[in-house]
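Working notes, beginning with the structure itself.
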Amino acid sequence: MMDAKAMEGQDFRQEVRAWLKASFPPSLTGVSGLVFQSDAHAAAASPDYQLWRRRMQEKGWGVPHWPSRYGGADMDEAGIRILAEEMTAIGAFNPIRSFGTMMLGPTLLEYGNEEQKREHLPPIAGHERRWCQGFSEPGAGSDLASLQTRCVDMGDHWLVSGQKIWTSGADQADWCFALVRTDTSRKQGGISFLLIDMKSPGVEARPIVLISGSTHFCEVFFNDVKVPKGNLVGEVNQGWTIAKRLLQFERNSLSEVKAEITSLAPLAHRHVGTDALGRIDNPDLRARMIRNAMRHEAYMATVRRFGQESKGGAETPISALKNLWSEIIQQRSELLVELLGSNGLGWSGDAYAEDELEATRAWLHSKAFSIYGGSYEVQNNITAKRTLGLPA
Amino acid sequence: MMDAKAMEGQDFRQEVRAWLKASFPPSLTGVSGLVFQSDAHAAAASPDYQLWRRRMQEKGWGVPHWPSRYGGADMDEAGIRILAEEMTAIGAFNPIRSFGTMMLGPTLLEYGNEEQKREHLPPIAGHERRWCQGFSEPGAGSDLASLQTRCVDMGDHWLVSGQKIWTSGADQADWCFALVRTDTSRKQGGISFLLIDMKSPGVEARPIVLISGSTHFCEVFFNDVKVPKGNLVGEVNQGWTIAKRLLQFERNSLSEVKAEITSLAPLAHRHVGTDALGRIDNPDLRARMIRNAMRHEAYMATVRRFGQESKGGAETPISALKNLWSEIIQQRSELLVELLGSNGLGWSGDAYAEDELEATRAWLHSKAFSIYGGSYEVQNNITAKRTLGLPA
Amino acid sequence: MAVLNDEQAMLKDMAAGWARDRMPVTALRALYDHGGGAKPDSSGHDPAAWTEMAEMGWAGILVPEQYGGSDFGYLGMGLVLEELGRTLAASPLLSSALVAATALRLGGSPDQKARWLPAIADGSAIGTLAIDEGPHHAPEKTALTATASNGGWTLDGTKRAVQDGMIADVAILAARTSGASGEREGLTLFLIETGSDGLSRQAMDQIDARRPAIFTLSDMAVGADAVLGEVGKGADLLDAILDRANAGLAAEMLGSATQAFETTLDYLKTRVQFDAIIGSFQALQHRAARMFGELQLTRSAVETALIAIDEGDADIPALSSLAKAMAGETLHFISSQMVQLHGGIGMTHEHDAGLYLKRARVAEQCYGGTAWHRERWARLRGY
Amino acid sequence: MAVLNDEQAMLKDMAAGWARDRMPVTALRALYDHGGGAKPDSSGHDPAAWTEMAEMGWAGILVPEQYGGSDFGYLGMGLVLEELGRTLAASPLLSSALVAATALRLGGSPDQKARWLPAIADGSAIGTLAIDEGPHHAPEKTALTATASNGGWTLDGTKRAVQDGMIADVAILAARTSGASGEREGLTLFLIETGSDGLSRQAMDQIDARRPAIFTLSDMAVGADAVLGEVGKGADLLDAILDRANAGLAAEMLGSATQAFETTLDYLKTRVQFDAIIGSFQALQHRAARMFGELQLTRSAVETALIAIDEGDADIPALSSLAKAMAGETLHFISSQMVQLHGGIGMTHEHDAGLYLKRARVAEQCYGGTAWHRERWARLRGY
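Chains as they are written, first to last, in the UniProt record's numbering: chain A, 1 to 392; chain B, 1 to 392; chain C, 1 to 383; chain D, 1 to 383.
Spelled out as structure tokens, the structure:
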């Protein structure tokens with residue numbers, strides 16, 4: 001026997017299913033599960049992808065739980081779950097999902113004023129405005145609260161001076177949400193949360209070359225940058241509270257991963273070979289691959305479990321999950337390079353296949369997973385103190 | 001071209017070889033390499049073993065570097081090396097080696113007065129007097145210096161009251177060397193090193209039952225025990241310095257292990273079986289056995305290396321070695337139990353073979369290796385600060 | 001913790017309370033002889049406690065209602081086993097109410113079900129599984145022979161480490177009716193009564209104070225109706241039974257690991273050395289964080305397997321092996337750390353740490369150890 | 001550190017000083033293109049530096065005195081390689097002065113020795129070993145064919161990742177004169193000049209800025225005198241060469257790991273976060289202690305293997321595999337921790353950490369990776 005609410009659910013499910021069938025370009029099926037970024041990028045550049053993004057945006061389904069006046073769809077938890085299930089069922093995915101939708105958006109919804117929401121949320125929901133995060137500084141890595149970028153009240157505007165680092169995509173970004181120091185007499189208590197237009201005079205972004213060759217991260221210099229008074233989110237010196245909330249969203253998103261695990265076994269069969277019993281023909285490598293894959297499967301089950309539990313209001317031990325995730329993915333990246341043998345040691349050139357070169361870069365990049373968004377060590381400190389209640 | 005000293009060496013080597021040939025009972029060959037304690041105990045009880053011990057004692061070769069007046073042989077480094085090499089060559093071993101020869105003896109040689117040396121060293125060299133070590137207390141484990149056993153100067157004697165724990169063999173021991181508090185106003189600086197006759201009134205030793213069923217360790221209670229003034233080693237309140245030196249000897253002996261490694265591979269072939277290629281027929285277990293055995297082999301090479309280097313005066317990083325040793329041996333013990341399957345889960349009874357029961361007890365006992373003689377955590381602290389110079 | 005419905009939540013609370021009050025670790029200790037091993041006269045469990053468990057309906061959790069059970073599902077049974085695992089409670093619940101009941105559910109004829117399920121459900125009969133003959137789990141290596149003889153069968157051979165074998169009234173036993181050791185083909189399951197002629201039992205004194213048995217069958221005659229399932233086709237049925245057995249055992253191990261961790265955590269918060277609470281030392285904090293992380297992976301794997309069984313998921317074999325392998329590794333890690341972090345006191349028989357350490361090895365080996373399940377998972381997943 | 005005689009101690013100090021002053025990590029960095037990989041025109045090493053190394057006599061350390069070398073032994077060569085490994089110095093020393101020289105020592109005819117050893121000893125000729133054809137080390141899978149033709153041989157096939165292949169003048173090359181891929185029987189080693197007709201080379205742009213090569217041989221004609229050792233019996237000779245190659249490479253890796261550790265340790269002693277020197281955090285102290293322990297095991301394994309080679313120990317194969325496997329695991333562990341403990345700055349191309357991380361993978365894979373050597377050690381030790 002089914003109650004009225006569930007009936008509605010059924011109707012909505014039919015509606016979603018019909019719309020997805022009509023709107024999701026079949027050519028994009030499974031794109032979210034692609035192993036190699038190069039394939040993913042190619043897909044993202046396709047006209048079908050643009051079309052899919054536009055359609056989702058019109059529905060406001062990229063941020064379904066946001067109010068429609070900010071570009072969302074006023075959808076409730078039940079609806080969101082149905083939408084997610086139906087998308088997964090046909091191999092569809094959310095093409096709007098971004099830094100902005102996952103981190104700044106939720107933060108502005110919680111701490112922004114009406115003007116800030118109307119100004120910034122719709123472009124995020126429409127994937128039209130790119131944001132970067134100006135938090136870390138050369139002297140303030142794990143110890144973020146020791147940041148020094150000064151923000152002085154000049155009466156009709158703020159004057160910002162200082163240097164940020166590890167600002168991902170800063171050279172491409174339109175705007176930056178930054179933590180700045182508005183009070184030098186207190187550590188955490190002297191920080192404010194400021195929205196800065198990257199086109200403002202005095203802002204300079206310099207890409208940093210990483211060991212993977214990536215230039216995605218930047219140093220950002222603020223030289224006497226004038227920022228409108230209205231761009232400060234929340235209260236003055238409330239920035240640390242807001243940032244902690246935002247970092248929760250970030251850790252959430254970091255510990256989020258795509259539902260399917262792509263097994264490395266077929267790759268190993270191809271590159272390493274198989275023994276008489278059809279097993280990967282390298283006992284030591286195989287044993288390590290198996291253990292990593294089992295942990296990966298258990299980790300995915302853990303993400304699903306906390307997804308369920310959090311609906312019941314349970315708190316997710318994000319720091320513990322992030323460390324499990326970085327450890328498992330880093331090992332996986334090393335195993336992939338190892339099974340490629342000398343083909344996994346190339347930097348460029350046609351002596352290596354495209355996916356081989358990418359696997360090598362991905363392994364190098366994976367080293368950052370246990371550093372950014374709160375280092376492995378900091379996450380363990382948080383788990384020990386916050387989750388396990390061990391004394392400082 | 002060989003110099004005079006080397007010539008002497010040659011003569012001495014001939015002498016040693018001849019004596020060993022005449023004196024070492026062939027029945028004891030390889031006894032030091034026995035896997036199972038039960039076999040070792042049986043061997044130790046044999047008349048040949050007693051004979052061998054008596055002969056070595058007469059030569060003073062159980063403690064060759066000790067002065068002959070204390071039961072040693074006044075032997076120099078070169079001679080000791082030759083003796084060791086020749087013993088190894090024919091599978092002989094030192095039957096005198098004990099707690100006393102390895103720890104208390106060297107300490108008394110360094111800090112004892114002439115009277116104490118003459119009184120205590122010969123019985124140690126002759127393996128005639130059993131000693132136990134009264135250091136740890138219920139409230140003073142890793143933090144040894146917080147020990148509370150009081151030792152009060154009564155003019156013509158010391159009066160000792162308190163409790164010791166983890167005193168190995170206390171119920172069998174004739175004498176105990178103990179750390180006692182002679183000054184309550186200072187922590188390390190208020191400790192003295194005292195020799196106590198276990199037959200003194202007020203001394204009581206109670207065996208502790210360990211998870212392995214062993215009752216080797218005891219609690220020792222001192223109830224107003226009178227101890228002669230002459231039994232205090234070194235100066236009053238110098239005990240901590242003496243103890244640290246003795247613990248070095250202890251760690252030395254802990255990181256010492258018998259030269260041969262007995263491979264677990266044959267046992268695994270018998271109990272687990274082999275595949276078509278003759279490999280242990282359990283890939284995951286095999287992979288872990290291999291890694292452990294390789295580390296074990298590298299560890300043995302490390303002990304030999306530092307044995308060489310220490311002759312050149314280099315300091316051996318004993319704490320690091322002890323942690324490697326306990327980790328490797330504990331894993332090895334677990335692997336042995338694992339390869340025995342359900343036969344490795346027995347406590348007693350004829351449903352299990354003698355060596356199976358012993359392997360199980362040995363695994364349980366091995367858990368102590370990372371706790372006693374300075375826990376794994378304490379050893380890492382020592383390595384970090386003393387060896388690596390990291391700040392406190 | 002999986003999201004539970006009201007009945008499940010109630011069952012879990014009930015089990016937690018009962019285990020805490022009626023079966024604390026001291027109840028297990030009472031089975032131990034001084035210094036370890038079971039008391040000479042021990043049956044390896046507390047019959048009175050088993051009666052109470054049956055009265056609470058736990059023995060019938062997996063028995064269909066028509067046979068007097070509550071048919072409450074494997075997740076429900078897992079919740080009870082997890083709570084009992086916390087205090088290392090020794091009972092035939094797993095062997096009888098999960099394993100034997102499952103065997104009858106999946107392979108029993110109407111007559112066999114009618115004869116045994118009600119007795120299992122009310123606890124008046126204890127069932128178990130008798131498979132392995134050597135020290136390592138290897139069902140396909142079954143050598144115990146079943147020879148057809150005047151309308152029935154004659155059984156000859158040995159079974160080792162039969163769980164609760166000394167107290168079991170009935171056993172599901174794997175025998176070879178054809179084929180050679182190593183072949184799946186030719187395995188047949190039999191339902192035998194342990195009181196029958198031709199069967200002798202010897203108790204094994206185990207480190208966890210349980211009392212598994214060695215079964216010796218010589219010219220043991222059973223009727224044709226003793227066959228469970230199809231003659232010669234027992235391997236698949238046996239796998240299905242073992243998948244459920246391992247998921248249930250993994251739940252018990254999860255409970256043991258969880259309690260071992262919580263007890264250790266409490267100690268870290270109270271023990272003082274070097275004038276500081278040792279739980280304030282960062283190296284120990286990070287180790288605690290690692291233990292917590294491993295517990296999360298294990299809980300997810302265990303609950304996923306139990307739910308998959310209740311939902312008849314096709315992936316049950318791999319998920320059960322994942323759960324058992326994760327539980328085995330995690331319980332070893334945490335019980336070893338329980339000893340290590342308690343220091344000397346943790347090495348004594350008087351302290352609980354050693355009991356968790358010992359139970360961990362036994363539970364891991366039972367129905368296939370971590371290595372065995374890793375290899376099975378790997379074959380199923382194509383590694 | 002093994003106990004050295006005066007000459008060895010002097011050689012070590014000399015190498016340490018030269019590597020520090022002439023070949024610091026910045027020398028390797030000069031080979032890198034902006035952002036990683038080698039400069040398009042790079043030869044993967046610094047010819048001027050190589051000349052200096054030869055002038056110091058290092059290229060002749062393993063060459064018998066009659067051929068202009070010092071015949072100083074493998075421990076001596078290991079000392080130099082270790083010091084060069086500290087600064088990740090890129091040079092053909094291993095390929096030419098150790099591997100090629102060893103091949104000639106062990107398998108060369110008097111004529112071959114006379115022709116090549118003096119040139120290798122004075123650095124005027126660079127030699128190397130060309131074995132693997134696929135991405136994984138597997139000498140027995142050699143498929144490159146050598147067909148007898150009018151008194152000589154015709155070679156056809158491909159070799160991948162030939163170390164220093166672009167700058168080598170001569171290569172010891174494994175070919176199949178009989179038998180099938182996978183068989184040890186039928187392997188023959190050839191001594192070929194890289195300038196010869198029928199051989200084309202392609203550079204591989206590697207993450208460690210080295211320039212290995214792909215050799216393509218088509219109808220390459222060589223004389224009968226090009227055979228090194230015995231026709232069809234090359235497998236054992238090749239093993240002996242590879243054992244020495246791996247021990248030497250392990251020494252280089254030991255040096256890299258040692259320096260990576262010391263650099264990281266210095267950083268731990270200076271970097272401040274949370275108002276404290278991060279080296280005062282116990283979790284990092286214990287990790288440093290673990291790194292130190294692994295370094296001790298690795299050094300012992302490496303030195304034991306080198307000394308065994310100099311003493312002609314029968315156990316060389318197992319000891320070399322032990323050294324290479326330990327060095328591989330330890331260098332990965334420490335170079336990864338070098339990045340981790342330096343935090344964000346360690347992720348940048350400007351910092352040295354990434355260079356150690358990249359070299360670690362290349363060195364580990366070369367002449368058989370950790371997994372390959374573990375399996376070989378296990379077979380030799382009967383696991």
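Virtual Cβ for every residue (Gly too), placed ideally from N, Cα, C.
Open item on the list: With the cut-off set at 9 Å, would you say A305/C and A323/C are in Cβ contact?
Closed with: The count along the third sequence starts at 1 and reaches residue 305/C at position 305. The count along the third sequence starts at 1 and reaches residue 323/C at position 323. Yes, the Cβ-Cβ distance between A305/C and A323/C is below 9 Å.
TODO: Closer than 7 Å by beta-carbon distance: list the chain C residues that pair up with F281/D, in chain order.
DONE: Position 281 of the fourth sequence, counting from 1, holds the residue named residue 281/D. Within 7 Å Cβ-Cβ: Q282.
Open item on the list: Which residues of the segment 181-212 of chain B have a Cβ closer than 9 Å to any Cβ of chain C? Give them in chain order.
Closed with: I208, V209, L210, I211, S212
TODO: Look up P26/B in the DSSP assignment and say whether it is helix, strand or coil.
DONE: Here residue 26/B corresponds to residue number 26 of the second sequence, with the count starting at 1. Helix at P26/B.
Task: Burial state of R118/A (16 or more Cβ within 10 Å) - done: Numbered from its first residue, the first sequence carries residue 118/A at position 118. Exposed, because fewer than 16 other Cβ atoms sit within 10 Å of the Cβ of R118/A.
Task: Spatially closest choice to A203/C from D76/B, A351/B, R332/B, F99/B, by CA coordinates - done: Within the third sequence, the letter at position 203 stands for residue 203/C. If we check each option's Cα against that of A203/C, A351/B comes out closest.
Open item on the list: Below 7 Å on C-beta distance, what does T149/B contact in chain D?
Closed with: One-based indexing of the second sequence puts residue 149/B at position 149. Within 7 Å Cβ-Cβ: nothing; T149/B doesn't reach chain D, min ~29 Å.
- [ ] Measure from the C-beta of Q296/D to each C-beta in chain C and report whether the shortest distance is under 9 Å.
- [x] The residue labelled residue 296/D in the question sits at position 296 within the fourth sequence. Judged by the 9 Å Cβ criterion, Q296/D is not in contact with chain C.
TODO: Assign E83/D to one of three DSSP states: helix, strand, or coil.
DONE: Locating residue 83/D in the fourth sequence gives position 83, counting from the first residue. Helix at E83/D.
Open item on the list: Do S319/A and R386/A count as a contact pair if the criterion is CB distance below 9 Å?
Closed with: Counting from one through the first sequence, the residue named residue 386/A turns up at place 386. Counting from one through the first sequence, the residue named residue 319/A turns up at place 319. Yes, Cβ-Cβ distance for R386/A and S319/A is below 9 Å.
Open item on the list: Which residues in chain B have a C-beta closer than 7 Å to the C-beta of D284/A? List them in chain order.
Closed with: Residue 284/A sits at position 284 when you count from the first residue of the first sequence. The answer, in chain order, is A287.
Task: is_contact[R54/A, chain B] using C-beta, thresh 9 Å - done: Locating residue 54/A in the first sequence gives position 54, where the first residue counts as 1. The C-beta of R54/A comes no closer than 9 Å to any C-beta of chain B.
Open item on the list: Taking the straight line between their C-alpha atoms, what separation do you get for G344/A and L81/D?
Closed with: Start at 1 with the first residue of the first sequence, and residue 344/A comes out as number 344. Start at 1 with the first residue of the fourth sequence, and residue 81/D comes out as number 81. Pairing G344/A with L81/D, the inter-Cα distance amounts to about 25 Å.
Open item on the list: Check whether the segment 32-51 of chain C and the segment 205-221 of chain C are in contact - that is, three or more C-beta pairs closer than 8 Å.
Closed with: yes
- [ ] Measuring only between beta-carbons, confirm whether L98/C sits less than 9 Å from chain E.
- [x] Within the model displayed, chain E is absent; protein chains A, B, C and D are what it includes.
Task: Three-state secondary structure (DSSP) of F177/A - done: Numbered from 1 along the first sequence, position 177 holds the residue referred to as residue 177/A. Looking at F177/A - three-state DSSP - the assignment turns out to be strand.
- [ ] Would you please verify whether the beta carbon of F333/C is less than 9 Å from any beta carbon of chain A?
- [x] Numbered from 1 along the third sequence, position 333 holds the residue referred to as residue 333/C. Under the Cβ distance rule, F333/C does not count among the residues neighbouring chain A, no pair being separated by less than 9 Å.
Open item on the list: Rounded to the nearest angstrom, what separates V257/B and I328/B at their Cα positions?
Closed with: Within the second sequence, residue 257/B is the residue found at index 257, counting from 1. Within the second sequence, residue 328/B is the residue found at index 328, counting from 1. The predicted position of V257/B is uncertain, since its pLDDT is 48 and thus under 50; a value taken from the coordinates is nonetheless stated next. Their Cα atoms are separated by approximately 12 Å.
- [ ] Assess, as a yes-or-no matter, whether the segment 282-302 of chain D is touched by the segment 291-309 of chain B under the definition of 3 or more beta carbon pairs within less than 8 Å.
- [x] yes
Task: CB of T145/C within 9 Å of CB of I172/C, strictly - done: Working through the third sequence from its first residue, we reach residue 145/C at position 145. Working through the third sequence from its first residue, we reach residue 172/C at position 172. Not closer than 9 Å, so no.
- [ ] Answer yes or no: does any C-beta atom of chain B fall closer than 9 Å to that of S300/D?
- [x] Along the fourth sequence, one-based indexing puts residue 300/D at 300. By this cut-off, S300/D is an interface position.
Task: Cβ distance (whole Å) where L117/C is taken to contact V170/C below 8 Å - done: Sequence index remark: in the third sequence, residue 117/C carries index 117 (1-based). Sequence index remark: in the third sequence, residue 170/C carries index 170 (1-based). 11 Å between Cβ atoms; not a contact.
Task: Contact with chain A by H34/D, beta-carbon distance below 9 Å - done: By one-based count along the fourth sequence, residue 34/D stands at place 34. Chain A, which has a Cβ nearer than 9 Å to the Cβ of H34/D, makes this yes.
Task: Min CB distance S255/B to chain D below 9 Å - done: Counted from its first residue, the second sequence places residue 255/B at position 255. Note that S255/B has pLDDT 46, beneath the 50 cutoff, so the model's placement of it is unreliable and the number below is only indicative. No, because no Cβ of chain D sits closer than 9 Å to the Cβ of S255/B.
Task: DSSP three-state assignment for K258/A, whether helix, strand or coil - done: The sequence position of residue 258/A within the first sequence is 258, counting from 1. Per-residue confidence for K258/A stands at a pLDDT of 48, beneath the threshold of 50, marking its modelled position as unreliable; no derived number is given.
- [ ] Starting from the Cα of S321/D, find the closest Cα among D239/D, L199/D, L295/D and give me that residue.
- [x] Translated into positions along the fourth sequence, residue 321/D becomes position 321. Comparing Cα-Cα distances from S321/D to each of D239/D, L199/D, L295/D, the minimum goes to D239/D.
Task: Reduced DSSP secondary structure (H/G/I, E/B, other) of V236/B - done: Locating residue 236/B in the second sequence gives position 236, where the first residue counts as 1. Looking at V236/B - three-state DSSP - the assignment turns out to be coil, as it is neither helix nor strand.
TODO: Anything in the segment 342-355 of chain B with a Cβ closer than 9 Å to a Cβ of chain C? List those residues in chain order, please.
DONE: S342, N343, G344, L345, G346, W347, S348, G349, D350, A351, Y352
TODO: Please classify T88/A: is it buried, with 16 or more other beta-carbons within 10 angstroms of its beta-carbon, or exposed?
DONE: If you number the first sequence from 1, residue 88/A lands on position 88. By the 10 Å Cβ count, T88/A comes out exposed.
- [ ] With a 10 Å radius around its C-beta and 16 neighbouring C-beta atoms as the bar for buried, classify M56/A as buried or exposed.
- [x] Here the question's residue 56/A lines up with position 56 in the first sequence. With 16 or more other Cβ atoms inside 10 Å of its own Cβ, M56/A counts as buried.
- [ ] Enumerate in chain order the residues of its own chain whose CB-to-CB distance from A78/A is below 7 Å, with the five nearest sequence positions on each side excluded.
- [x] In the first sequence, residue 78/A corresponds to position 78, counting from 1. These residues qualify, in order along the chain: G9.
Open item on the list: Please list, in chain order, the residues of the segment 285-315 of chain A that have any C-beta partner in chain C closer than 9 Å.
Closed with: R286, A287, M289, I290, R291, A293, M294, R295, E297, A298, Y299, M300, A301, T302, V303, R304, R305, F306, Q308, E309, K311, G312, A314
Task: Separation of D281/A from T274/A, as counted between CA atoms - done: If you number the first sequence from 1, residue 274/A lands on position 274. If you number the first sequence from 1, residue 281/A lands on position 281. The alpha-carbon atoms of T274/A and D281/A are separated by roughly 4 Å.
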